[in-house]
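Reviewing the structure listed below.
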DNA sequence: CATGAATGAGCCTTCATTCAT
DNA sequence: TATGAATGAAGGCTCATTCAT
């Protein structure tokens with residue numbers, strides 16, 4: 001987002017100001033097509049998704065679509081690239097939070113917020129590790145991205161463990177699996193019930209369950 | 224010829240006993256086809272899966288396949304029906320366990336064991352609530368099945384809550400979401416790392432994390 | 447041809463007699479499709495030729511066509527393979543003729559006869575060396591075939607030169623170019639005038655002009 | 670602005686003199702586009718040749734191309750028109766040669782020289798009578814042109830026959846077919862071997878073979 | 001019934017042509 | 001008038017389904 005705005009500003013500040021127009025139109029087309037692709041791929045699996053549907057959804061002809069992308073595959077990949085870029089851009093501020101547990105919360109908020117905004121497609125795409133569907137055609141970058149996200153979680157959890165804030169009898173990697181699963185559970189539930197309440201609101205519950213578990217506590221729950 | 228006569232005799236000799244040979248042969252075909260379909264659908268998405276591949280995998284002709292099923296859709300649905308039947312049959316004993324938490328453990332074991340046996344396809348199919356892929360074409364029954372499973376979890380958790388074994392400040396439904404998510408997390412992790420260790424072995428860790436959470440305990444771990 | 451008949455006979459003479467039927471049906475389809483392809487490719491250039499037209503001409507569906515050939519390219523190649531096989535089979539007897547000049551005549555008759563039977567397509571394909579169109583996509587084999595034909599001509603001419611029947615002041619290869627060109631000229635003329643008289647009837651004139659040239663002879667025309 | 674005014678002035682200043690600048694600019698565009706079309710059509714068959722490639726080769730946009738030609742077909746036709754015009758312009762001096770056989774030689778030289786200069790495209794186009802490819806889409810004018818060329822040959826040969834320089838036992842038309850074929854043979858050979866030696870150098874051999882044939886001569890070869 | 005070839009609707013992709021800037 | 005992006009008709013190919021043997 002920030003980057004984008006900067007670019008636009010930069011262009012406007014230029015003298016002639018001519019190139020931006022065409023470029024912005026081109027960008028607008030690309031974005032519109034990707035937006036439509038997002039809708040269609042969220043609705044139909046890769047194979048079932050029709051190029052003509054994407055074009056129709058974008059309000060352009062198929063020919064135009066092919067002026068911007070090589071083909072179906074490339075559209076799909078571009079979708080992933082854009083999504084990941086957006087996600088990590090959004091995630092960036094959260095990673096600067098000092099305290100591990102607070103950082104964790106920030107990460108969760110961003111992740112759930114992103115999924116909420118992106119809806120079904122990136123639910124599957126970024127947070128979910130679906131063994132099927134979209135991820136099946138996971139390009140290198142997609143796999144890398146998952147691994148990157150996992151490492152972020154693991155790293156943060158390790159810090160918390162070292163601070164004595166999380167148990168050390170289980171590997172941080174295992175804790176990450178658990179946290180990731182909890183998120184998935186709530187995302188899925190949210191999708192199932194029809195996306196009523198904001199997904200981000202699940203953050204405290206997820207963290208509470210992640211930290212304290214489901215068992216009754218005699219004395220204090222947590223800080 | 225001889226074989227033929229024997230077969231006929233066999234049928235005649237059994238009055239009301241076992242199902243007629245012909246039926247059993249038919250069933251054998253159906254099962255073989257479904258087995259193959261399972262392999263193929265686990266490998267390719269619905270649209271990408273080819274009827275001819277399923278037939279080839281089963282060692283029958285496509286014509287034969289169409290003698291047993293109406294079409295692709297029906298095969299897919301039958302696969303779901305069979306899978307769910309198997310799952311609930313396997314789950315049945317676990318449901319008889321008296322103590323809620325022990326029952327929960329039994330349910331987890333069966334669920335994870337089933338997923339392990341079924342591999343990728345039903346990982347997606349039964350445990351995962353994927354908003355995408357296979358489940359997207361979820362027929363009524365599939366949705367019902369998920370709801371049924373959810374209710375089993377919720378019911379069991381409610382019993383535990385009533386017994387004071389689980390916290391009562393969160394709805395049992397929420398706890399179910401969490402538990403379900405934890406399972407998903409570990410299933411996914413297991414798929415990602417290449418199905419090395421038995422998935423069922425994750426049961427204790429899942430339960431431990433579900434019950435006690437990730438926070439360090441000063442005194443006793445759990446009761 | 448001979449080979450083909452033998453095969454059929456062989457099959458019929460077998461006991462069960464089953465395989466031949468299906469095989470012959472398959473062969474019949476293949477041949478029919480190739481026949482149609484010949485018609486279409488003779489009418490339209492490679493790119494302009496439509497698969498659906500070939501299928502329609504053959505009276506089959508496009509799907510069927512694809513059961514017999516991988517695609518357009520393969521059909522085109524198969525057409526060449528078949529044509530060359532037929533041509534060289536037909537040419538074979540001519541090559542056994544002892545006297546070089548008589549052999550030359552035999553070769554011309556076969557060549558022209560073949561072109562006459564095959565019509566336009568193989569006019570372009572086998573005798574003509576068109577720098578364009580069909581030959582442009584000349585596969586290895588096609589080029590080989592042309593070279594083979596050229597060598598046959600050159601070899602025969604060399605023998606005649608050695609026997610003192612043809613002039614030795616020009617390379618046999620040059621004579622072959624001339625003879626080949628003469629044939630082309632008459633083939634083309636024949637095509638232009640609408641294929642009225644049998645093309646084979648040009649053989650004597652071609653040979654006469656090839657041997658004696660266009661200049662008036664005072665005494666005897668030729669030996 | 671300045672430029673614009675100058676242009677206008679220029680136009681006004683020339684009354685009936687040279688063609689207006691605008692026209693010459695237009696012509697330059699047309700010629701450039703045709704030059705490019707020649708390159709592209711020589712490389713790809715009609716159907717395979719892409720308008721965008723022609724435009725790119727010419728260094729203009731497709732839109733511009735369409736300002737000068739109605740479409741693909743028209744470009745192709747214009748190419749033929751221009752080629753024929755050039756050819757007959759080049760041929761004109763040769764037709765003035767008095768002695769028929771010398772005129773024949775001049776015609777051959779011009780024809781082969783033209784083909785050499787034009788390369789593959791007009792090899793197919795003008796000299797070849799290909800039943801295929803380019804010529805298949807032969808417009809009226811193309812056919813006319815071929816007929817015209819044929820009549821020139823026939824006429825010249827008839828004169829030579831009447832002078833007793835060529836045999837009279839064969840129709841001049843037949844001799845023309847032979848001569849035309851000989852040329853084709855050598856053109857093709859030239860193309861096949863990779864256009865090494867100048868094609869025009871074949872003129873004497875062609876004529877020698879045309880006139881004297883391939884048979885050994887006891888006494889004198891020719892005058 | 002089993003077989004497997006025939007069918008043809010449907011989809012991705014290309015490219016000649018148009019048209020707004 | 002030059003530009004080049006938008007358009008959409010058309011064609012190669014796939015594959016679920018049917019059906020004659």
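Chains as they are written, first to last, in this note's numbering: chain H, 1 to 223; chain U, 224 to 446; chain Z, 447 to 669; chain A, 670 to 892.
By construction, the Cβ of each residue, glycine as well, lies at the ideal position given by its N, Cα and C atoms.
(message) Could you tell me the alpha carbon to alpha carbon distance between residue 132(H) and residue 331(U), rounded to whole angstroms?
(response) Confidence at residue 132(H) is low in this model, with a pLDDT of 43, below 50, so its placement is unreliable and no value can be given for it.
(request) Would you mind stating whether residue 854(A) and residue 661(Z) have Cβ atoms separated by less than 9 Å? (result) no
(message) Between which two residues does the alpha helix (DSSP H) holding residue 496(Z) run?
(response) From DSSP, residue 496(Z) is part of no alpha helix (DSSP H); its letter is neither H nor E.
(request) Return the residue from the list 195(H), 176(H), 199(H), 194(H) that minimises the CA-CA distance to residue 411(U). (result) 176(H)
(request) Check residue 616(Z) in the structure and name its three-state DSSP category. (result) coil
(message) Is it the case that the region 469-481 of chain Z contacts the region 500-509 of chain Z, given that we only count it when at least three CB pairs across the two stretches are under 8 Å?
(response) yes
(message) Could you compute how far the alpha carbon of residue 314(U) sits from the alpha carbon of residue 147(H)?
(response) 34 Å
(message) Here's the rule I'm using: 16 or more other beta-carbon atoms within 10 Å means buried, otherwise exposed. How should residue 427(U) be labelled?
(response) exposed
(message) Can you pull out the residues from the region 254-274 of chain U whose beta carbon lies closer than 7 Å to at least one beta carbon of chain H?
(response) 268, 269, 270, 271
(request) Identify which residue in 565(Z), 522(Z), 488(Z) has its Cα closest to the Cα of residue 642(Z). (result) 565(Z)
(message) Tell me the rounded alpha-carbon separation between residue 636(Z) and residue 645(Z).
(response) 7 Å
(message) Please classify residue 40(H) as buried or exposed, where buried requires at least 16 neighbouring CB atoms within 10 angstroms.
(response) buried
(message) Just verifying my parser: in three-state terms, what is the DSSP assignment at residue 785(A)?
(response) helix
(request) Find the residues of chain U that neighbour residue 180(H), judging by a C-beta separation of less than 7 Å, and give them in chain order. (result) 408
(request) May I ask you to report which of helix, strand or coil DSSP gives residue 425(U)? (result) helix
(request) Tell me whether the beta-carbon of residue 839(A) lies closer than 9 Å to the beta-carbon of residue 628(Z). (result) no
(request) Could you please tell me which residues of the region 153-166 of chain H, in chain order, have their CB closer than 9 Å to any CB of chain U? (result) 157, 160, 161, 164, 165, 166
(message) Let me check you understand the geometry: is the CB of residue 702(A) closer than 8 Å to at least one non-hydrogen atom of the ligand NAP?
(response) For the structure depicted, the ligand NAP is absent and the ligand set is empty, with no information on it obtainable.
(message) Residues in the same chain with beta-carbon distance under 8 Å from residue 763(A), minus the five sequence neighbours each way, listed in chain order, please.
(response) 772, 775, 776, 778, 779
(request) Identify the contact partners of residue 558(Z) in chain A, using a Cβ-Cβ distance below 9 Å as the criterion. (result) The contacting residues do not exist; residue 558(Z) stays about 13 Å from chain A at best.
(request) Report buried or exposed for residue 718(A), applying the criterion of at least 16 other Cβ atoms within 10 angstroms of its Cβ. (result) buried
(request) Please specify which runs of the alpha helix (DSSP H), each continuous and at least 4 residues long, are wholly inside the region 270-327 of chain U, giving them in chain order. (result) 274-281, 285-291, 295-318
(request) Please state whether DSSP places residue 386(U) in a helix, a strand or coil. (result) coil
(message) Distance cutoff 9 Å, beta carbons only. Does residue 837(A) sit that close to anything in chain Z?
(response) yes
(message) So that I know if they touch, is there some Cβ in chain H lying closer than 9 Å to that of residue 433(U)?
(response) yes
(message) When you compare the CB of residue 438(U) with every CB in chain H, is at least one pair closer than 9 Å?
(response) yes
(request) Could you name the residues of chain A that residue 635(Z) contacts, counting a contact when the two beta carbons are closer than 7 Å? (result) 846
(request) Can you grab the Cα-Cα spacing for the pair residue 697(A) / residue 142(H), in whole Å? (result) 53 Å
(message) Please identify, using Cβ separations under 7 Å, the residues of the region 860-878 of chain A that lie next to chain Z, in order along the chain.
(response) 860, 861, 874, 878
(request) Compare the C-beta of residue 733(A) against all C-beta atoms of chain Z and say whether one is closer than 9 Å. (result) no
(request) Would you kindly work out how many angstroms separate the C-alpha atoms of residue 387(U) and residue 416(U), rounded to a whole number? (result) 37 Å
(message) Quick check on residue 659(Z): does DSSP put it in helix, strand or coil?
(response) coil
(request) Below 8 Å CB to CB, which residues in the same chain sit around residue 585(Z) once its five sequence neighbours on both sides are set aside? (result) 523, 526
(request) Reducing DSSP to helix, strand and coil, say where residue 193(H) ends up. (result) coil
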